[in-house]
Structures are given as structure tokens and as C-alpha cells.
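Presented below is the structure to which this report refers.
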Amino acid sequence: MTIRHFALSCALTAVAVTGISLVSAPVQARSAQPIKTIAFNDHDDDRDRDPDHHGRPREPIKIKIIGFNDYHGNLQSPGTFGINTVVPAAQRPAVGGAEYLAAYVARLKAQNMLNVVVGAGDFIGASPLISALFFDEPAVETLNKIGLEFNAVGNHEFDKGSAELKRLQNGGCKLTNSVPDPNSCKGVGSNALGTFDGAKFKWLSANVFETATGRTLLPAYGIKNFRGVKVAFIGMTLKGTPSIVTPTGVAGLEFRDEAETVNALIPRLRAQGVDAVVVLVHQGGFQTSPNVGDINGCDGNLKNADGTDSEIANIVKRLRNGVDLVISGHTHAAYNCSANTVDVKNVNGVAVSTPRPTGLPNSEGRLVPVTSASAFGRVLTDIDLSVHPRSHKVLAVSATNRLVDRTDVAINNAIATDPSVKNIVDGYNALVSPLANAVIGTIAAPLPNAANGAGEMPAGSLIADAQLQATQPAALGGAVMAFMNAGGVRNPGFAIAGASYPYNVTYGNAFTVQPFGNSLVTMTLTALQLKNLLEQQFVGCQGQIQQRIMQASNGLKYSWSAAAAPCSKIVDVVLTPTDVTVTPPVATGAPETIVANGVVQNPTKTYRVTVNNFMATGGDGFTVLLGGTNVLGGAQDIDALTAYLNAGYKSPKPPYDPTLPALAIPRITVLP
90 MTIRHFALSC ALTAVAVTGI SLVSAPVQAR SAQPIKTIAF NDHDDDRDRD PDHHGRPREP
150 IKIKIIGFND YHGNLQSPGT FGINTVVPAA QRPAVGGAEY LAAYVARLKA QNMLNVVVGA
210 GDFIGASPLI SALFFDEPAV ETLNKIGLEF NAVGNHEFDK GSAELKRLQN GGCKLTNSVP
270 DPNSCKGVGS NALGTFDGAK FKWLSANVFE TATGRTLLPA YGIKNFRGVK VAFIGMTLKG
330 TPSIVTPTGV AGLEFRDEAE TVNALIPRLR AQGVDAVVVL VHQGGFQTSP NVGDINGCDG
390 NLKNADGTDS EIANIVKRLR NGVDLVISGH THAAYNCSAN TVDVKNVNGV AVSTPRPTGL
450 PNSEGRLVPV TSASAFGRVL TDIDLSVHPR SHKVLAVSAT NRLVDRTDVA INNAIATDPS
510 VKNIVDGYNA LVSPLANAVI GTIAAPLPNA ANGAGEMPAG SLIADAQLQA TQPAALGGAV
570 MAFMNAGGVR NPGFAIAGAS YPYNVTYGNA FTVQPFGNSL VTMTLTALQL KNLLEQQFVG
630 CQGQIQQRIM QASNGLKYSW SAAAAPCSKI VDVVLTPTDV TVTPPVATGA PETIVANGVV
690 QNPTKTYRVT VNNFMATGGD GFTVLLGGTN VLGGAQDIDA LTAYLNAGYK SPKPPYDPTL
750 PALAIPRITV LP
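Converting from the sequence shown to the numbering used here requires adding 89 to each position, the first position being numbered 1.
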């Protein structure tokens, strides 16, 4: 079932729409602040509360929950994917794509008429060009067709601000300079050309409040009634969103603690007769043992490599009893910490499976099932919730992660029978192809966004060089170095699945790697500030909560010590003046030692440094940059990348080759 447009208010309202009852009622949060809610029924009756007319006990009521996360507007296949790392690359099937997601969801829904499709956030933002060029309206329209009903708000839902998120929820054309933008309201997946219907599903976020009103920005939760069994879905946004989103995107909003928010809601939900509670949270973890990361594994019980609790484990361990299932996201990892966990080891090239029931412990020590479905539509989580027919107590939760395999014959037949989602994808692909397929340069080898042990990634080095080139001329900033945040170098980098090399990079490829539309900012930092900035890459220094190695431009080399204490990890920093406006780059001066053995040589000497506007405003915890002076705005990051490849590495010129000595890679060294 789907929900068309409807308005939410803080007064009790009931509306009947095609057999669905919608309710928006005030529920008191901390400090007596109203929380918006939504509820609807599916086959709402009480027939399953009592034995049948022969007096026999009824079978458990089974509800199918279909979950996924981090769609990021991936209308098309993101490439191949295996169920674990033992599967040879050549045997990993192509996965994902909106029409395949829709077909797999339809297959699972057909197995049980009592079903719901839910998400754990980041369904828009950081999207490929086919969605981003059209303001992620294609993502919303395909999700409508897939049958999504509830989705937690992730950090990327705030990339363009809360007003734009509400537009995507409610519909209407995007306005640019007070007039409809020509790339909005294409109507490919809406009711009519020139329109955008908005989301038929509901974005939920219980812990995001408007500071001006004290109300939740969006509904806190939704309740769906399955033949008398009421299941609540609480949406939760990671509390740390303000540190990883441009400040304008979260202006006027307060992000509260995830576990505290859920715990406060449980009694209120029980008072409404809710029988089961599912938390949709945009936060996650990783499998951490030396096993092979099977999509249904829970290696290391999602603890960090040092044995500390991951972000998701820390949230769950503070939850009180009452939460029956947690569907998570954010890390783009697949895991299944439930009764169906299967840990897989690589034994001489053979996958050896060890099933074990598991979960993550809550504050009472009870194991709570926790799942995540990778990202980009590669995986779906198939969950069966069994409920006692009379007491309505949850009896069991059974979860299985399933690949969205594009080679499945029956699925392809289903798509041929109902091409409605494929037609949306094809429609937007036709609109975007002239721009997406334009060749901007050539690379000699794959440049993935995977980091080496020092934190350096091939795609990141390329991007940092492009940003230095765009701001090196005196009139454009006079930069001598540039840094790129690793989180902004998106998967798969310039490592194109199935491509042969040398490879002609298209604008669409470049946009997939840099989809945020950030602008460049050049500022002056002292040598001491520069050292402090580099120290702030590591956990425990100046408020940093996660290791975030910046990608460095040509001419800059530095080393860091893994064993050193926070704020004392940077060992050496050397800058060789390099002209990157020519190809190949040319050193223009002698190397200068800025830091030697952890000591800044000339603390007050200044340097012009380029970053993007996200970093410049303290994003990713780089608050040192807030102290930069003589700040100058620059070009868009995607334009800088396009110009760099076009000018220096487009045929008939030789391709960009990371092994060229003039590129001075590697630039970062990790010491014991």
C-alpha cells in the first residue's frame, strides 16, 4: 500500500484514504515538546486475538519487513558485488538498479500479504548524476514505485537543507532565483509532465528538532497495524550529523541522543497499544574479525578493531527493553546480527560457514537483532517478525540479507512484464546522457577510493591535485597545497567495474566520485595551524571522534606515527613548491621542512591552503580551519576536477598515470 500526499499537524486528525487511516497526534517529548507522528492500518481487525471457531490455537502472526539503506539515488547498477570476499571477482554478479530493487521487493511482498518496506536513511544526496542533476527527484520517484513506506532521515538528506528535504517529501518544483529550475519537475515518474508529486513514503526522525519551534522537523515514528498487531517504526538520525554536513544544511536544527530519544518514546508507544518496536537508525558499524565479511555475518559483534563499541553497538547497549529490531545504515556495510547470523571463514580458498544466533546486547543484556544492507541498492534485508496471536508478544525475529542479483532469470522476466520502474530509469537516463557521457580525460589505471594503510587513496590524490591547480594562480587564491576530505571521495573512485584501461573518464564518472557540489575555499594558515590541522585527523585530538585522513596535493609529504598519543602523531611535514598548472607538474623550489620530529620549525610562517567549503566550515571535525584568514571562495569542486583532467590528461595527451614520478605518489607515510 502507498500513501499519497497528506499534511501532518499537531492536532489530532484522522483521514481515510483507500483503506488507510492516517493519524497525526501530539506526543510529548523531553521538555514537553511535541513530536509529529503518523499511523495507518493494514487489514485492521481483531480476528487473530482469539482461537478460531473450533477452539484451536492460531498460528503465530508473521509480518514481513523488507529493509534497505543508503540508496543514494542509485537508479542504475553500481556494479558487481559478492556475498563475501571468498567469491572471486569474476563470479560476483551485477547487482542493484531501481527496477531490480522493485522486482525483488515485489517477490518478497508476494510471500506475505502482511508486509512493509522501510529504509534506514541516505536515500538521497551523494547521488550519481542521473539523480543529482534533477535534484534527487528521480530517487524519490523510483522509491515511490518500489513501495517504500517509512524511511529514517540520514545525514545526506540534509545536504541541501531542511527546506529542500521537505520539498522532496511534499512535492512541487525546485525554484532557482524564484523561478522553476529547468532540471526540476521533469515528471518522468510523477503523475504528469512538468510536475513532481513528492514522496509517497514518510521520512521519519524522532531526534531532530527545530530550535525555533521545539517541534520535531518530521514525524518521529509511524505505526502500521497488521491484523490487530501494531508495529511502530521509529526514525533516527545520527546525532553527529552537524559535524559531517555543511552548516547551512542543518541550520536551526538540534540533533539529540539516539538512545535517549528511543527510550523516552517506548512508554508512549506502549500506551498507544503498540506491540512491537522497530528502530530505523542512520548509524552503523563494521564486521571486524579476520573472517570474510559475509553479508549475513556479524564478525566481532560489530565492535571496533580496538575492541571498543562501534557507534551502533553503543546506541543499542543503551536501549531499554521494548525495542525488538534495529535496522541500521550509514557505514555502507552489510551485516546480520540476528538468529540467522552466519560467520564465514576463508579456509584455503573455500568459504566455511558457521551459523550462530546472535544480536547486540541492550541495557538489560537482551540480544537485539541488528541488520544493515550494504548500500546503493545492492542488498535487501528480508525479515520475518513472528508475533503471538493472542498476547501479541514478539516470538521471533528472523533476518536474511539477500543480493539484488541482476542475473536472476525470474526477476528479469518480472521486469519485462512490469517495466514501470525501468521506464523511469530509462527516461532520466535519456535526459542526462549527453552530459554524463562527455569524455573529460583519460586514466592509465584504476584509481579506487580505497585507502592504503597510511590513509592515502589514489582517487583522492587526483582530486587534491585538481583543487590545487584551480586555486594556484595568484588571482585565484595563490594556494601552495590542497586537502580533500576522504569522505567526499565517493565509491568507487575512478575504478570502473568492467572497464579496460586506459579508460576515458566521463563527466558522469567524475560526478559519481564528487557529487556534493561543494565549492573551493583558499585561506591562510600558519605553520602551527597546519600542524594542528594534520593532528586533527586522528581520534582524540581537538574533539575528533573518527580517524579522517585528508588527501594531500602534489608537493606536500608528511608522516604520522600510529603509536603516538593524540595530538602528537604528526612526525614530519615537507613542502616542495610545485607548479601543477603544467603537465607534468614541475618542482619550482627546494623542499621546505615545516615539521621535523614533531616540532614546527617556524610556527608563524604562513601558507595558502585550499579545501572545500564543507571542510572550511569545520566539517568532519576540522575546526582548525575555522581559524583561517584571508579567505577566498573559488570554483565548484566538480568543475575543478573536470578542468584538470581536460587540460592535462585528455587524448591526444598521455593519460593520468599515478606511477609518474612527477605526481610524487605516495604522499603520506605511516610509521609504527
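For each residue, glycine too, the CB sits at the ideal point set by N, CA and C.
DSSP bridge partner residues for residue i (one or two, in chain order)
| i | result |
| --- | --- |
| residue 453 | DSSP, once it has assigned bridges, lists no residue as partnering residue 453. |
| residue 601 | Paired residues: none, contrary to the question. |
| residue 668 | 675 |
| residue 250 | BP columns for residue 250 are empty, so no partner. |
| residue 696 | 614 |
| residue 188 | Beta-bridge pairing links residue 188 to no other residue. |
| residue 656 | For residue 656, which the question treats as bridged, DSSP gives no partner whatsoever. |
| residue 153 | 204, 473 |
| residue 681 | 664 |
| residue 494 | 184 |
| residue 288 | BP columns for residue 288 are empty, so no partner. |
Proximal residues to residue i (C-beta, below 7 Å), its chain only, five neighbours per side dropped
| i | result |
| --- | --- |
| residue 410 | 451, 453, 455 |
| residue 234 | 191, 278, 509, 510, 513 |
| residue 618 | 713, 716 |
| residue 751 | 673, 674 |
| residue 462 | 156, 157, 158, 423, 468, 469, 470, 490 |
| residue 599 | 529, 727, 730, 731 |
| residue 536 | 547, 548, 551, 582, 583, 584, 747 |
| residue 255 | none |
Host beta strand (DSSP E) of residue i (start-end)
| i | result |
| --- | --- |
| residue 516 | That residue, residue 516, is in no beta strand (DSSP E); its alpha helix (DSSP H) goes 509–525. |
| residue 343 | 342–344 |
| residue 278 | Taken as a continuous stretch (DSSP letters only), residue 278 belongs to no beta strand (DSSP E), as it is neither H nor E. |
| residue 78 | Outside the displayed range of the chain (90 to 761) lies residue 78, so it cannot be described from this structure. |
| residue 570 | 570–573 |
| residue 762 | Nothing can be reported for residue 762: it is not among the residues displayed for the chain, which extend from 90 to 761. |
| residue 299 | 297–299 |
| residue 239 | 239–241 |
| residue 529 | 528–532 |
Spatial neighbours of residue i in its chain, beta-carbon cut-off 8 Å, leaving aside the 5 residues before and after
| i | result |
| --- | --- |
| residue 758 | 543, 646, 647, 648, 649 |
| residue 282 | 275, 276 |
| residue 749 | 673 |
| residue 201 | 151, 152, 153, 473 |
Residue i to residue j span [Cα, whole Å]
| i | j | result |
| --- | --- | --- |
| residue 746 | residue 521 | 29 Å |
| residue 744 | residue 218 | 24 Å |
| residue 592 | residue 529 | 11 Å |
| residue 155 | residue 708 | 33 Å |
| residue 443 | residue 432 | 5 Å |
| residue 532 | residue 212 | 30 Å |
| residue 519 | residue 484 | 49 Å |
| residue 614 | residue 695 | 6 Å |
| residue 325 | residue 216 | 21 Å |
| residue 303 | residue 262 | 28 Å |
| residue 300 | residue 337 | 14 Å |
| residue 258 | residue 688 | 52 Å |
| residue 401 | residue 393 | 11 Å |
| residue 210 | residue 246 | 8 Å |
| residue 419 | residue 220 | 19 Å |
| residue 395 | residue 378 | 11 Å |
| residue 610 | residue 540 | 24 Å |
| residue 174 | residue 580 | 17 Å |
| residue 595 | residue 184 | 22 Å |
Residue range of the alpha helix (DSSP H) that includes residue i
| i | result |
| --- | --- |
| residue 220 | 218–221 |
| residue 737 | 726–737 |
| residue 227 | 226–235 |
| residue 553 | 547–560 |
| residue 215 | Premise fails: residue 215 is in no alpha helix (DSSP H) and is neither H nor E. |
| residue 498 | 498–506 |
| residue 405 | 400–405 |
| residue 350 | 347–360 |
Closer than 7 Å: residue i CB and nearest the ligand SAM heavy atom
| i | result |
| --- | --- |
| residue 382 | Of ligands this structure carries none, so the ligand SAM is not represented either. |
Neighbourhood of residue i by C-beta, 6 Å cutoff - its chain only, sequence neighbours within 5 removed
| i | result |
| --- | --- |
| residue 332 | 710 |
| residue 607 | 701, 702, 703, 726 |
| residue 445 | 430 |
| residue 475 | 149, 151, 484, 485 |
Open item on the list: Quick check: the segment 158–168 against the segment 463–481, are at least 3 beta-carbon pairs closer than 8 Å?
Closed with: yes
Open item on the list: Tell me whether the segment 704–720 and the segment 584–591 touch, counting them as touching only if at least three CB pairs, one residue from each stretch, are closer than 8 Å.
Closed with: no
Open item on the list: When you compare the segment 397–417 with the segment 363–371, are there three or more beta-carbon pairs, one atom per stretch, that lie closer than 8 Å?
Closed with: yes
Open item on the list: Contact between the segment 261–274 and the segment 229–245 is defined here as three or more beta-carbon pairs at a separation below 8 Å; is this criterion met?
Closed with: no
TODO: Decide if the segment 345–363 is in contact with the segment 311–323; the criterion is three or more beta carbon pairs, one per stretch, under 8 Å apart.
DONE: yes
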